[in-house]
Amino acid sequence: MATSPHPLATRAGADVLQRGGTAAEAAVAMGAVLAVVMPHFCGLGGDAVWLMADREGWATTLMGIGQAPGVLPDLPAALPLRGPRSMLTTACAVDSWDHALRLSASRWGGAMTPGALLAPALALARDGFRPSASQRFWLDFRAADWPAWPGFAAQFAAAGNDLLRQPQLAEILSLMVRDGLRSFYQGPAAQRIAQGLAQAGAPLTAADLAATHSRAAQPLSQPYRDLMLLAPPPPTQGVTTLAIMGILDRLRIPRDPAMRTHLLVEAVKQAFLDRGRIADPDHAGDDISALLSPDRLDAKAGAIRADRALAWPHRVRHGDTVFFAATDGQGRCASVLQSTYFDWGSGCVIGDTGIIWHNRGASFATDPTHPNVIAPGKRPFYTLNPGIALKDGRPHLLYGTQGADGQPQTLAVVLSGLIDLGLSPEAALAQPRFLLGRTFSDSRDSLKVEASLGDAAIASLAALGHETAELPALSPIFGCAGAIRIDATGCSGAHDPRGEGLAL
């Protein structure tokens, strides 16, 4: 089974599985298509984080996270959010594909070539596709901004409802097929990319591209009910998602919509209080594993009051991402998130490559005392955290979501629905959601809730002290998630009704 936020990507992944490909190969095919058909959320100029697992008990994380340049430019106190100076880290999504395929070949006997897996993406870039409603929405949403973004208007402004062709991106994909995926970092494709970065005024160099590599890491784990939840380690916020679930594991989750939402929100607050400690472990000395210690989780759960909301002035980050996942006939699984951080990333299409570069470096701090302060070769704090839940040591749930700081919040709702309420993936994804903190459309640190939660429940939350703000049901502000459940009867999966995704 395959699930993704775009039907064309899901079909590419399902086709790989039908031809006997592995879950990792299907995920690479989906990731490549998404890089073409969802340029507002992800692309070759972004990053990716993977979880891979199989029935034999093997699991790993692939950290496809780019790093800051070897030589930092002069930086302002507030890092730029858009434009050439926001391109402060390299892009590692493509190398994560290469990494996943090497593991697929060595552990799972995968034999499909990058050329075969990238063929659907290449055809879509060359021949064109009709932009999704999501892409058109974000193009209109940023209409006042993108005329100032280098190279953007020439590639995307005229798309509308017509076919969007990306011939320069197709050329880069062709070079990657011909010369191998690493040619994105060292080779003819890399030369064009480095030239484009230099022409745009980005601080990244050819040497920085060549130094970019996906890394394997041991997943973090946390028990929840009768399952073991896996998440990627720092610099991602995977530890935050696990802390939320570890706190909830110590509580009885009621079915009453108001009280259930209250407890989930309060668990999010308790876990988010520690999130400022997360940084690149190569550059930070904090022992993040302590955040998941039983004593700490006990204390966090004990601090939650059933009759009162904790006051919440807390700055949050925003970003846009795509989640996709696959499981094959042998129970091997890949759960993946790809992102260019903000919608449309830095906004810059670099040189003659057709690639939008991301702005993930904007999540660095500039305060020299902060664990996440920018430094040469350092990876920034990362919101991407796809998940896998094991049952009796075998993959049982694959899950993930778009939404930056909203990711742990949405995952808490989805996982509690799947596990505590016994909902199907489709029903769990359709549940009313909340989002604590600021959004693109509301700068208040309020608790956004979907109207489908119901007037009575929303009033009860306000009575508990939550500053609530009601948003329409199934609003895309709450992110697009996906989930697959694997059990003795087979697989069931879905993608979010807030988007246009598909599970096959």
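Position 91, counted from 1, in the sequence shown is what the UniProt record's numbering calls 91; the numbers after and before it change by one each time, with no gaps. Just so you know, even glycine gets a beta-carbon here, dropped at the ideal spot from N, CA and C. From a predicted model like this one, the values you see are computed outputs, not experimental measurements.
Would residue i pass as a contact of residue j if the rule is Cβ separation under 7 Å?
{"i": "proline 69", "j": "aspartate 208", "result": "yes"}
{"i": "alanine 451", "j": "glutamate 470", "result": "yes"}
{"i": "arginine 242", "j": "alanine 258", "result": "Residue identity check: residue 242 is leucine in the sequence provided, not arginine. No."}
{"i": "glycine 354", "j": "glutamine 166", "result": "yes"}
{"i": "aspartate 392", "j": "alanine 23", "result": "no"}
{"i": "alanine 428", "j": "proline 497", "result": "no"}
{"i": "leucine 398", "j": "serine 335", "result": "yes"}
{"i": "alanine 29", "j": "valine 16", "result": "yes"}
{"i": "alanine 362", "j": "leucine 117", "result": "no"}
{"i": "phenylalanine 465", "j": "alanine 309", "result": "Before going on, a small fix: residue 465 reads as glycine here, not phenylalanine. It is a contact, given that the beta carbons lie within the stated cut-off."}
{"i": "threonine 10", "j": "leucine 474", "result": "no"}
{"i": "glutamate 171", "j": "glycine 110", "result": "no"}
{"i": "glycine 43", "j": "isoleucine 356", "result": "yes"}
{"i": "glutamine 168", "j": "aspartate 298", "result": "no"}
Note down the Cα distance separating residue i from residue j, rounded to an integer number of angstroms.
{"i": "glycine 196", "j": "leucine 390", "result": "44 Å"}
{"i": "aspartate 98", "j": "leucine 175", "result": "15 Å"}
{"i": "glutamine 407", "j": "phenylalanine 478", "result": "9 Å"}
{"i": "alanine 27", "j": "alanine 462", "result": "42 Å"}
{"i": "aspartate 145", "j": "leucine 81", "result": "12 Å"}
{"i": "valine 373", "j": "arginine 19", "result": "46 Å"}
{"i": "threonine 383", "j": "threonine 236", "result": "5 Å"}
{"i": "alanine 121", "j": "valine 33", "result": "4 Å"}
{"i": "methionine 52", "j": "arginine 255", "result": "33 Å"}
{"i": "isoleucine 253", "j": "valine 265", "result": "12 Å"}
{"i": "threonine 366", "j": "leucine 139", "result": "30 Å"}
{"i": "glycine 499", "j": "proline 476", "result": "7 Å"}
Under the DSSP definition of a beta bridge, which residues are partnered with residue i?
{"i": "phenylalanine 222", "result": "For clarity, residue 222 is glutamine in the given sequence; the question names phenylalanine instead. Beta-bridge pairing links glutamine 222 to Leu229."}
{"i": "histidine 6", "result": "Per DSSP, none; premise fails for histidine 6."}
{"i": "tyrosine 382", "result": "Thr236"}
{"i": "glutamate 470", "result": "Val449"}
{"i": "valine 322", "result": "Gln338"}
{"i": "histidine 495", "result": "Gly482"}
{"i": "aspartate 47", "result": "Ser339"}
{"i": "aspartate 397", "result": "Looking at the sequence itself, residue 397 is leucine, so the reference to aspartate does not match. Ala389 and Arg485."}
{"i": "valine 37", "result": "Bridge partners of valine 37: none, in fact."}
{"i": "methionine 63", "result": "Val49 and Arg215"}
Which one of the options has the shortest CA to CA distance from residue i?
{"i": "residue 531", "options": "Gly493, Ile486, Arg498 and Pro131", "result": "The shown model of the chain, from 1 to 504, leaves out residue 531, and the question about it has no answer."}
{"i": "residue 510", "options": "Leu411, Asp249 and Phe323", "result": "The structure shown does not extend to residue 510, since the chain is modelled only from 1 through 504, so no value can be given for it."}
{"i": "serine 4", "options": "Leu139, Thr401 and Ile458", "result": "Thr401"}
{"i": "valine 268", "options": "Ser214, Leu204 and Met245", "result": "Met245"}
{"i": "cysteine 491", "options": "Ala456, Ala326 and Leu415", "result": "Ala326"}
{"i": "arginine 225", "options": "Ile247, Met112 and Leu204", "result": "Ile247"}
{"i": "glutamate 56", "options": "Gly46, Asp95 and Arg107", "result": "Arg107"}
{"i": "glycine 201", "options": "Asp162, Asp74 and Cys92", "result": "Asp74"}
{"i": "proline 219", "options": "Gly351, Val239, Ala456 and Tyr341", "result": "Val239"}
{"i": "leucine 124", "options": "Phe324, His213 and Leu163", "result": "Leu163"}
{"i": "alanine 100", "options": "Gln67, Ala154, Arg182 and Gln168", "result": "Arg182"}
Is there contact here, the region 182 to 200 with the region 368 to 383, by at least three beta-carbon pairs under 8 Å?
no
For the pair the region 258 to 278 and the region 291 to 302, tell me if three or more CB-CB distances fall below 8 Å.
yes
Could you say if the region 339 to 350 and the region 80 to 93 meet the contact criterion of at least three C-beta pairs nearer than 8 Å?
yes
Could you tell me whether the region 222 to 239 touches the region 44 to 62, where touching means 3 or more Cβ pairs closer than 8 Å?
yes
Does the pairing of the region 111 to 131 with the region 34 to 52 give three or more beta-carbon distances under 8 Å?
yes
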